[in-house]
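For reference, the structure is listed below as C-alpha cells.
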Amino acid sequence: MKLAFYIIFFCGLSLAVDCSSKSSYVASDSVYPFSLMTLPYDQDFLEPFLSEDIINSHYNHHHQGYVEKLNSFLEENEDLQTLTLAELNQLAASYDSLQKFAGGTYNHNLYWWVLTNPECAKSSPEGDLESKILETWNSVDAFTDSMNEEMSQVFGSGWVWACVNMTGQIEIRSTKNQINPLMQIDSESCYPFLACDIWEHAFYLQYNWDRQEYFDAYFDSIDWETVEFFYESYSSNLISIPF
Ligand SMILES: *[C@@H]1O[C@H](CO)[C@@H](O)[C@H](O)[C@H]1NC(C)=O
Ligand SMILES: [Fe+2]
C-alpha cells in the first residue's frame, strides 16, 4: 500500500515540468569573439510547444551558425571588434553581413529568453507592460491578435516583434530575413522585448505547413515575466537588451 503510494507519487513528479529549471537572465557585455549563448533550459523543456529535435537543429545548428559567421566577419573588421552585440545591430544598416549575422545572433537570443514551457506560462502580462499595452490596444487579447495578424502576413522568412518606438509607444513590426527593429533599415529604430521567429526552421519539423498552429502554441508559451522585465528594464527606457 505504502509502496504503491510512493510509486504513483514519484511517477507523477517525474512528469511534471520543473518551471524553476529555466535560468534567470543575466546582462552581458560580451564583445568579439562571441560565443553561442547558453540555452536557459534543457533542450526538451519547451515540449510540447517545441520538440527537442527542433531545438537541436534551431539552436545547435542555425543559431550557432550565425555566431560563427559573425565572428568570421569581425575577424576581418578589427574596428568593430570592441562593440557589443546590441551596438553591432545598431550599426547594421551600413553592413549587409551584420544584418545577417549580428541580427541572427541577437534575434535568437531574444527568442530563447521569451519562451517557456506552456505549463509555466502565465496567461498575460501584468504591471507596467500591461498598462502600456492598454494605452494602444483595448485589451491584451487585442494586442496578441494584432501580433498574430502581423505574423500571418509574413511572406517568406522573417520575424515579428513587439518593440518600443522613439515616441515611447509599443509597436508591432515585422522584418525580413534576420533584420530587426534596432537596425533602422527602413524606419526609425524600435527597441524589441518580444519576438517570434517565422522562418520555416523554427516550426516545420513539428508543425509542417500549419503556421497558425505554431503561432497558437507560441502565444501559450510566452514567458511573460521575462518579457515584462525586458520591457521595464530596457525597452521602455529606449535601451537595447544587452545579450
Ligand atoms: C509608435 O507606436 C505607436 C503605437 O503603436 C504608433 O501609433 C506610432 O505611429 C508609432 N510612432 C512612430 C514614430 O513610429
Ligand atoms: Fe531561427
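Sequential numbering of the sequence shown, starting at 6, is according to my numbering. Note that beta-carbon positions come from the ideal geometry of N, C-alpha and C, so glycine has one too.
Tell me which residues share the same chain as residue i and place their Cβ nearer than 7 Å to its Cβ, disregarding the 5 neighbours each side in the sequence.
i, result
"M152", "V165, A167, I177"
"V51", "The sequence given here has Leu at residue 51, not Val. The residues are I60, L120, N122, S226."
"T141", "Q174, I175"
"Q69", "L41"
"E218", "Y212"
"A21", "none"
"M6", "Model confidence at M6 stands at a pLDDT of 45, short of 50, so the residue's coordinates are unreliable; what they give is reported in the following sentence. Taken in chain order, the list of residues that qualify is empty."
Beta-carbon within less than 6 Å of residue i's beta-carbon, same chain only, minus the 5 sequence neighbours each way: which residues are those?
i, result
"I13", "Legend: pLDDT at I13 = 46, less than 50; position of this residue unreliable, value from coordinates given subsequently. Answer for I13: no residue qualifies."
"Y116", "A200, D202"
"K74", "F106"
"T1", "Only positions 6 to 248 of the chain appear in this structure, which leaves residue 1 out of reach."
"S102", "F78"
"S56", "Q211"
If we call anything under 7 Å between Cβ atoms a contact, is residue i one with residue j?
i, j, result
"L210", "N94", "no"
"L243", "Y196", "yes"
"T180", "G161", "no"
"N76", "F248", "no"
"Y30", "Q86", "no"
"F54", "A207", "no"
"F78", "M156", "no"
"G109", "Q189", "no"
Give a yes or no on whether 7 Å exceeds the smallest Cβ distance from residue i to chain B.
i, result
"K137", "Absent here is chain B; the protein component of the structure consists of one chain."
Under the assumption that residue i contacts residue j (Cβ atoms under 8 Å), give the Cβ distance between them as a whole number of angstroms.
i, j, result
"A98", "A107", "That belief does not hold up - the Cβ atoms of A98 and A107 are roughly 11 Å apart, past 8 Å."
"E135", "S129", "7 Å"
"Y236", "D133", "7 Å"
"Y46", "S62", "Not confirmed; about 17 Å, so no contact."
"M171", "E205", "Going by Cβ atoms, the distance from M171 to E205 rounds to 33 Å, so no, they are not a contact pair."
"S245", "V169", "Contact flag wrong, Cβ pair sits at about 10 Å."
Would you list the residues sitting across from residue i in a DSSP beta bridge?
i, result
"I250", "The shown model of the chain, from 6 to 248, leaves out residue 250, and the question about it has no answer."
"S179", "V165"
"P197", "C168"
"D202", "W164"
Between which residues of its own chain and residue i is the CB-CB distance below 8 Å, once the five residues before and five after are set aside?
i, result
"Y64", "L41, L44, Q48, H113, W117"
"R216", "M156, S157, I203, F208"
"S28", "T43, P45, Y46"
"A91", "Y111, L187, S245, I246, P247, F248"
"G17", "Annotation note: pLDDT 47 at G17 (below 50); position unreliable, coordinate value reported separately. Here the set comprises nothing."
Compute every distance between the C-beta of residue i and the non-hydrogen atoms of ligand 3, then say whether any falls below 6 Å.
i, result
"E155", "Ligand 3 is not part of the structure shown, which contains ligand 1 and ligand 2 as its ligands."
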